[in-house]
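Residue numbers (the working numbering): 49 to 273.
Virtual Cβ for every residue (Gly too), placed ideally from N, Cα, C.
Quick caveat: nothing in here was measured; it's all calculated off a predicted structure.
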């Protein structure tokens, strides 16, 4: 008769967390898409006229919802808060989608950004899962890079420098791609055991990666009338 070993129990638990995370991640796409359709129907003229205030309000609302998810992560309310957060995130895609879809090839660019995001995610997630390599050493560098990226993004709300915006988007693609590798590795190797928080982390990576790719595609491939 065979008894479960500590190693076997650990692997089983991490597989469960990873499976639940991917399931939740797929579910978050539903409120995101619904929110995006709502966002595209909203008049964001206030944000266009006051980009700094609008950007700060958006940032504050997203941070508030993230804190709610974190506080409720160990209950069913955490799942509801996460779905609410993704609905709000979808709504906040409204402004960039409105700009993109006013381009002649806007729908194609959105599809390309979504496809590129999916390819990057599945490739890096597969590498982290199959190799089971511990990428935790990247954590400190990624955190510093993320802080600098946020500071640069907030500063550019005031200066509105196109070249800086493109640089920020390009760096964001690299940082959030690396974060996918880092976050999936943490789940596989037992660094993250709460699937609500694991889903939140991966969702933010995908969300920001999509936005950054779309901004780059609009800048270099957008066809204006």
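Boundaries of the alpha helix (DSSP H) around residue 146: 142 to 149. For residue 233, the secondary structure class from DSSP, reduced to helix, strand or coil, is helix. Within a 10 Å sphere around the beta-carbon of residue 240 sit 16 or more other beta-carbons, which makes this residue buried. CA-CA distance, residue 71 to residue 243, rounds to 10 Å. Within a 10 Å sphere around the beta-carbon of residue 231 sit 16 or more other beta-carbons, which makes this residue buried. Here residue 64 carries a helix assignment [DSSP, helix/strand/coil]. Taking C-beta separations shorter than 7 Å and ignoring five residues to either side along the sequence, the partners of residue 68 in its chain run 243, following chain order. Residue 91 is classed as exposed because its beta carbon has fewer than 16 other beta carbons within 10 Å across all chains shown. Separation of the CB atoms of residue 161 and residue 258 is rounded to 6 Å, and the pair is thereby assigned contact status at 8 Å. The C-beta separation of residue 154 from residue 148 comes to about 4 Å, placing the pair in contact by the 8 Å criterion. Ranking 182, 224, 170, 177 by CA distance to the CA of residue 195 puts 224 first. In the structure shown, the three-state DSSP call for residue 156 is helix. One alpha carbon belongs to residue 237, the other to residue 164, and they sit about 27 Å apart. Just so you know, the alpha carbons of residue 204 and residue 93 end up roughly 19 Å apart.
Fully enclosed alpha helix (DSSP H) runs of no fewer than 4 residues occupy 93 to 97, 99 to 119 of the region 68 to 129, in order along the chain. Counting along the chain, no alpha helix (DSSP H) covers residue 184, and no H or E run does either. Counted as a single uninterrupted DSSP element, the stretch harbouring residue 241 is not any alpha helix (DSSP H), since DSSP gives it neither H nor E. Here the alpha carbon of residue 187 sits roughly 25 Å from the alpha carbon of residue 213. Distance from residue 151 to residue 61 at the Cβ level is roughly 47 Å; contact not present, criterion being Cβ atoms closer than 8 Å.
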